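Engineer: Read top to bottom, the protein sequences are chains B and F. The first sequence maps to residues 3 to 204 in this note's numbering. The second sequence maps to residues 3 to 204 in this note's numbering. No residue lacks a Cβ here, since even glycine has one placed at the ideal position from N, Cα and C. Just so you know, these numbers come straight off a predicted model, no measurement behind them.
Protein chains: 2
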Amino acid sequence: MIHEGERNQSAFILAEGWACSFKQLADGERQIVDVQIPGDFLGLRSILFRTADHSSEALTRIEASEVLAADIFDSFAEAPRLATAVLWAASRDEAMVVEHLVNLGRRSAEMRMAHFLLELSTRLHLVGIGDRTGFDCPLTQFHLADALGLSAVHVNRVLRHLREEGLVTFQKGHVAFDDFFGLVALSGFNTDYLDQDGPLLR
Amino acid sequence: MIHEGERNQSAFILAEGWACSFKQLADGERQIVDVQIPGDFLGLRSILFRTADHSSEALTRIEASEVLAADIFDSFAEAPRLATAVLWAASRDEAMVVEHLVNLGRRSAEMRMAHFLLELSTRLHLVGIGDRTGFDCPLTQFHLADALGLSAVHVNRVLRHLREEGLVTFQKGHVAFDDFFGLVALSGFNTDYLDQDGPLLR
DNA sequence: CGTTCGTTTGAGAAACCTCAAGGTCTGTGG
DNA sequence: CCACAGACCTTGAGGTTTCTCAAACGAACG
Numbered sequence: 003m004i005h006e007g008e009r010n011q012s013a014f015i016l017a018e019g020w021a022c023s024f025k026q027l028a029d030g031e032r033q034i035v036d037v038q039i040p041g042d043f044l045g046l047r048s049i050l051f052r053t054a055d056h057s058s059e060a061l062t063r064i065e066a067s068e069v070l071a072a073d074i075f076d077s078f079a080e081a082p083r084l085a086t087a088v089l090w091a092a093s094r095d096e097a098m099v100v101e102h103l104v105n106l107g108r109r110s111a112e113m114r115m116a117h118f119l120l121e122l123s124t125r126l127h128l129v130g131i132g133d134r135t136g137f138d139c140p141l142t143q144f145h146l147a148d149a150l151g152l153s154a155v156h157v158n159r160v161l162r163h164l165r166e167e168g169l170v171t172f173q174k175g176h177v178a179f180d181d182f183f184g185l186v187a188l189s190g191f192n193t194d195y196l197d198q199d200g201p202l203l204r
Numbered sequence: 003m004i005h006e007g008e009r010n011q012s013a014f015i016l017a018e019g020w021a022c023s024f025k026q027l028a029d030g031e032r033q034i035v036d037v038q039i040p041g042d043f044l045g046l047r048s049i050l051f052r053t054a055d056h057s058s059e060a061l062t063r064i065e066a067s068e069v070l071a072a073d074i075f076d077s078f079a080e081a082p083r084l085a086t087a088v089l090w091a092a093s094r095d096e097a098m099v100v101e102h103l104v105n106l107g108r109r110s111a112e113m114r115m116a117h118f119l120l121e122l123s124t125r126l127h128l129v130g131i132g133d134r135t136g137f138d139c140p141l142t143q144f145h146l147a148d149a150l151g152l153s154a155v156h157v158n159r160v161l162r163h164l165r166e167e168g169l170v171t172f173q174k175g176h177v178a179f180d181d182f183f184g185l186v187a188l189s190g191f192n193t194d195y196l197d198q199d200g201p202l203l204r
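1) Looking at chain F, is there any beta carbon in it that lies within less than 8 Å of the beta carbon of Ser93/B?
2) For Phe78/F, tell me which candidate among Thr86/B, Ala187/B, Ala72/B has the shortest Cα-Cα distance.
3) Between the region 43-61 of chain F and the region 20-29 of chain F, are three or more C-beta pairs nearer than 8 Å?
4) Less than 8 Å between CB atoms is the rule here; does Val88/B satisfy it with respect to chain F?
5) Over what stretch of residues does the alpha helix (DSSP H) that includes Val37/B continue unbroken?
6) Under a Cβ-count criterion, where at least 16 other Cβ atoms within 10 Å of its own Cβ denotes burial, should Arg114/B be classed as buried or exposed?
7) What three-state label does DSSP hand Ser12/F in the structure shown?
8) Give the residues from the region 32-65 of chain B that approach chain F closer than 8 Å (Cβ to any Cβ), ordered along the chain.
9) Ser110/F lies in the beta strand (DSSP E); which residues open and close that run?
10) From Asp95/F to Thr193/F, what does the alpha carbon distance come to, in whole angstroms?
11) Near Ser189/F, what residues of its chain come up, given a Cβ to Cβ distance below 7 Å and the 5 sequence neighbours on each side ignored?
12) Kindly say whether Phe144/B, judged by its beta-carbon, lies nearer than 8 Å to any beta-carbon of chain F.
13) Please go through the same chain and pick out, in chain order, the residues whose beta-carbon is closer than 7 Å to the beta-carbon of Asp180/F, but skip the five residues on each side of it.
14) Between which two residues does the beta strand (DSSP E) harbouring Glu166/F extend?
15) May I ask which residues mark the beginning and end of the beta strand (DSSP E) holding His176/F?
16) How would you call Gln173/F, buried or exposed, if buried means at least 16 neighbouring beta carbons within 10 angstroms?
17) Considering only DSSP beta bridges, list what Cys22/B is partnered with.
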């Protein structure tokens, strides 16, 4: 959908399915920057920049509406509030990346996993998918490894440990929260960076 | 200047000096998200969100001009291109955070350090400070540790090793590149995410 | 019925951390 | 001028986390 280094890319709004954005390193390693779920903007940075600085990939079959760069810029002239709204969306995106940065920089593997699953759950809940008991998740352990800066082997051990501790069970594409608040306590998860109730439109 | 959790914060444009934005964890650990140098926007996210999701701190004596949220939003109505420019600035900001994320997730301590110093050098050069031989830098090893997700002790060892390898010398507030291209090769540094030559204004 | 993809487990190694102790430099008050 | 405090840097020793390599297992699929 979006390829790092290519020019004149489009942005999309994801209507159905999951995708992820990532950066690939020269040695073949990759870092997943964010996961997109229905309702999310996809590739906004790649239209503002001449060349895309990241890649995107579908994780499931997806439905998305293309958003042309020209349409966005034109709309700013007609509806300034829309500019504020788009800026807000970009900022919320950045806030999530920042939280992921904190995750990688200052939390242990288990805290990272707990935090990641809780963020996903919260975001999915906002668009009406899943609940506090769990959610369906198409990510493999390899995806989790690339997102959390871990090896796939270690991801497996971390998941086993969280399961044995009675906190969360991630098997066969389903995340089941066995102790939601235990997970929150473990990870130090705080929804402030997600719970913004929309752009300030005066 | 900006405090996580507080409301109705202002944004600034840094005219002189250095600052950094960071997030503090419950256990006292902190993660530096980004360093701001002259010319950088500071706290844009904290005016779009009702409450600031991060804190900022001055690293030197600084001079900055306050930018009122209302002024920004009002200007969108009068000059739609300004909206595009601000959105572009926010996106460049995000691109840097993304690159830091890759740094923490997929690079070794030495590559992180090399990448970080090269990014700083490149950004400083863009505003006319420092050159390929080095630059003055007010960051302590504690700051580097908080930025790179390492312990201060390990930062010290990494710096020593890079110095012994003849790559870079960071002492007494000055970074001296002993082998600029060796550092670039080590870190896999690529300026694409910084070199955007300004917003696309048609 | 073999292949592929994802998961699971073990064993040993590497990277990084914590604790602890000194060292250097700078500013400050006596 | 000297003693002292505080901030920062440096080094050692030992411990923990996470990685790599290797092997095997199960489910899905042609």
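Structural biologist: If we stick to the structure as given:
1) yes
2) Thr86/B
3) Counting C-beta pairs with one atom in each stretch, the region 43-61 of chain F and the region 20-29 of chain F have three or more that are closer than 8 Å, which means they touch.
4) yes
5) First-last for Val37/B: 32-38, but that is the beta strand (DSSP E), not the alpha helix (DSSP H).
6) buried
7) It is coil, neither helix nor strand.
8) Residues passing the 8 Å Cβ filter: Arg32, Gln33, Val35, Leu46, Arg47, Leu50, Phe51, Arg52, Thr53, Asp55, His56.
9) Per DSSP, Ser110/F belongs to no beta strand (DSSP E) and is neither H nor E.
10) 14 Å
11) Result list for Ser189/F: Met113, Ala116, His117, Leu120, in chain order.
12) no
13) Gly168, Leu169, Val170, Thr171
14) Premise fails: Glu166/F lies in the alpha helix (DSSP H), 154-166, not in any beta strand (DSSP E).
15) 176-179
16) Looking at its Cβ environment, which holds fewer than 16 other Cβ atoms inside 10 Å, Gln173/F is exposed.
17) Val37/B, Glu59/B
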